[in-house]
Amino acid sequence: MSKIRQQRTAEQMQQLLSEIFRRELNDPRLQDVTVTEVTIDRELEHADVYVNALGDESRQEEVMAALAKASGFLRHEVAGHMSLRKAPHLHFHWDPRLRHFQEVEDILRTLDIPPTDGDAPESP
């Protein structure tokens with residue numbers, strides 16, 4: 403499979419999984435879970451699915467347990483909606499990037515950086 407097709411397939415799978423999370427999963431542990439990225443191998447045997455529960459790192463264990471329980475259903479849904487020869491095994495990972503972005507943003511807010519000449523307001 404070409405790299406471009408592999409990337410397109412991963413993006414399509416991310417959109418599909420996001421839609422399934424919103425509409426078909428009734429597990430309250432999976433509410434407000436976001437699929438942040440999907441990567442697949444060239445043979446389409448394995449897909450790494452990165453997820454995060456917006457603003458709530460404390461839910462990581464329960465979200466991952468719920469995803470492990472739902473993985474068979476999710477794999478079946480992916481197989482049914484995507485035209486692939488075989489459905490890849492879904493491997494779920496917690497995506498810490500949102501927390502890292504928030505930490506960097508918090509640090510930047512605490513810095514007292516004076517404006518540069520280009521940032522200074524023009525005087526009348």
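Numbering (the numbering used here), first residue to last: 403 to 526. Using N, Cα and C, we set each Cβ at its ideal position, and we do this for glycine too.
For isoleucine 442, the three-state secondary structure derived from DSSP is strand.
Rounded to whole angstroms, phenylalanine 423 and leucine 432 show a C-alpha spacing of 7 Å. For valine 440, the CB contacts under 8 Å within the same chain, skipping 5 residues up- and downstream, are Ala412, Glu413, Met415, Gln416, Leu419, Ala449, Asp450, Val451 and Tyr452 in chain order.
When secondary structure is reduced to three states using DSSP, leucine 492 falls in the strand class. Looking only at Gln462, Arg407, Thr512 and Glu463, the smallest Cα-Cα distance to leucine 446 is reached by Arg407. In its chain, beyond the 5 residues on either side, Thr438, Glu439, Tyr452, Val453 and Asn454 have a beta carbon closer than 8 Å to the beta carbon of aspartate 497. If you compare the alpha carbons of Phe494, Asp519 and Thr512 with that of isoleucine 442, the shortest gap goes to Phe494. Around the beta carbon of arginine 461, a 10 Å sphere encloses 16 or more other beta carbons of the protein chains shown; the residue is thus reported as buried. With contacts defined by Cβ atoms closer than 9 Å, proline 490 and arginine 511 do not form a contacting pair. Within the same chain, Cβ atoms closer than 7 Å to the Cβ of arginine 444 are found at Met403 and Gln408, the five residues on either side in sequence being excluded.
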